[in-house]
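All you need for the numbering used here is the position in the sequence shown, starting with 1, plus 2. Yeah, the Cβ is synthetic: ideal placement off N, Cα and C, and Gly gets one too. The model shown is predicted, which means the values in this text are computed figures rather than measured ones. Before any comments, here is the structure.
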Amino acid sequence: MSQTICSTSNKITEEPQDRGDYGVLRRLVDSEENRLVVSFGGGAVAGLCGNIALAALIEELGLRESVDEIWGTSAGAIVGGCWATGTPASYLLETITQVSPRAAIDVSYAALLTALLLRPFGRPLPDGLIRGRRLAETVDKGLRIKDFENCPTPFRCIACSDDGLNRRKIFRRGPLLPAILSSMTLPGILMPRPRLELEDCGYLDGALLEKTPLISPIAEHLRSGDARKLLLLATHFGGDERRTPACGFVQRFIQTIYAVEDVLWDYQLKEARHRYREVVSLVLLNPHIVEPSLFDLSRAVEHYQQAMSDFRNKLQDSVIALTFGAD
């Protein structure tokens, strides 16, 4: 059954969905020669909603139990982590639509102003503009299980060390919430979470290194020695729709991050398509969502609906062959 959401009431209704239209995808997933891994990419609110749409579609097609492993970066870490604990996509969508945009952007203007005034006297500026307390509470609410080890489906998420070495950190054990928060710590925008005991550094948003988990899932698959081919179903959120003229510090900073991410992504995608083409079948989905604001939760339903429509079209029998490796 498919989910349709009324943008005015956020009411979810059911419509019949013909699973027969996705026979090619089902055969790929059911083949003993393939191992299905779902990779959720980063992308702020658009990525959050788009990833929920893919999770919902996988559930709708009855393929959830066939997922062997889940990866996520940034917004993808939120959806991937919650989904790996057994939380259904419908609950995630309902939860984020209940968060007001004002509550999500909890800037401490008093602390920022104080730091600016005392800067000439050696007071450091804050590590981020947004405290993210309500966002962290929302993520925690979506985690049915609180640690990696007990997830029904194995989960991995990616972050970048903030020690100046830019090391890739793959979280795969321990508490889920700190790992997810680390993966989504957009530098200069979101405040980093407190360090845990024995941690020798903090972390920055994993999208700085791997916006969509791609090379890391492939590398882990190769290390496992699994003889099956990796069927990597991945979301990626990026493209020309993000290239708007920068105005103001925050937008200029975000545009700089986008530029770095794009360069790394192009390299990683080429590696996956050419160097690893014998070991991975890549189904890459980019719904090209226009996102004027990083944290505009008021458009969550709109983003979800656009992504769901795009994913359904691309994964149907008539076009899925063209989807392999496309962006």
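In this structure residue 69 does not touch residue 42 by the C-beta definition: roughly 11 Å separates them, more than the 8 Å allowed.
Here residue 65 is buried, its C-beta having at least 16 other C-beta atoms within 10 Å. Excluding sequence positions up to five before and after residue 264, its CB lies within less than 8 Å of the CB of 240, all in the same chain and listed in chain order. Contact between residue 186 and residue 77 holds: CB atoms are separated by about 7 Å, below the 8 Å threshold. If you draw a straight line from the Cα of residue 254 to the Cα of residue 60, it is about 36 Å long. When C-alpha distances from residue 85 are compared across 109, 57, 97, the shortest belongs to 57.
Counting the other CB atoms within 10 Å of its CB gives residue 219 a total of 16 or more, which places it among the buried residues. For residue 218, there is no enclosing beta strand (DSSP E); the enclosing alpha helix (DSSP H) has its first and last residue at 217-226. Per the Cβ contact rule, the segment 192-208 is not in contact with the segment 89-100 (fewer than 3 Cβ pairs under 8 Å). By the neighbour-count definition (other C-beta atoms within 10 Å, threshold 16), residue 75 is a buried residue. Residue 35 sits in coil when the DSSP states are folded into three classes, being neither helix nor strand.
In this structure residue 251 is exposed. Its beta-carbon is surrounded by fewer than 16 other beta-carbon atoms within 10 angstroms.
Secondary structure remark: continuous alpha helix (DSSP H) runs of at least 4 residues inside the segment 229-288, in chain order: 251-272.
Note that the C-beta distance between residue 234 and residue 282 is below 8 Å. Unbroken alpha helix (DSSP H) stretches of 4 residues or longer found wholly inside the segment 93-172: 103-106, 111-120, 135-143, given in chain order. DSSP places residue 182 inside the alpha helix (DSSP H), whose first and last residues are 178-185. Counting along the chain, the unbroken beta strand (DSSP E) around residue 72 starts and ends at 71-75. For residue 205, same chain residues with a beta-carbon under 8 Å away, outside a window of 5 residues either side, are 161, 162, 163, 164, 171, 184, 185, 187, 194 in chain order. Inclusion of residue 191 and residue 159 in the CB contact set at 8 Å is not warranted, their separation being larger than that value. Minimum Cα-Cα distance from residue 22 among the listed residues 63, 52, 33 corresponds to 63. Residue 207 carries a strand assignment under DSSP once its states are collapsed to helix, strand and coil. Burial is judged here by how many other beta carbons sit within 10 angstroms of a residue's own beta carbon; residue 214 has at least 16 and is buried. Residue 41 is bridged by DSSP to 73, 236.
Relative to residue 108, the option among 257, 97, 297, 25 whose CA is nearest is 297. Membership of residue 307 in the alpha helix (DSSP H) is indicated by the continuous run 302-317. Contact between residue 209 and residue 44 is confirmed by a C-beta separation of about 4 Å, below the 8 Å threshold. In the three-state DSSP reduction, residue 192 falls in the strand class (E or B).
Under a 10 Å Cβ-count criterion, residue 276 is classified as exposed, with fewer than 16 other Cβ atoms of the shown protein chains found around its own Cβ.
In the displayed model, residue 295 falls within coil according to three-state DSSP, outside both helix and strand. When only Cα atoms are considered, residue 119 and residue 309 end up about 44 Å apart. For residue 126, the number of other beta carbons within 10 angstroms of its own is below 16, and it is reported as exposed. Per DSSP, residue 61 is one residue of the alpha helix (DSSP H) stretching across 46-62. When the five nearest sequence neighbours on each side are left out, no beta carbon in the same chain lies closer than 6 Å to the beta carbon of residue 112.
Taking the Cα of residue 227 as reference, the smallest distance to any Cα among 138, 37, 135 is reached at 37.
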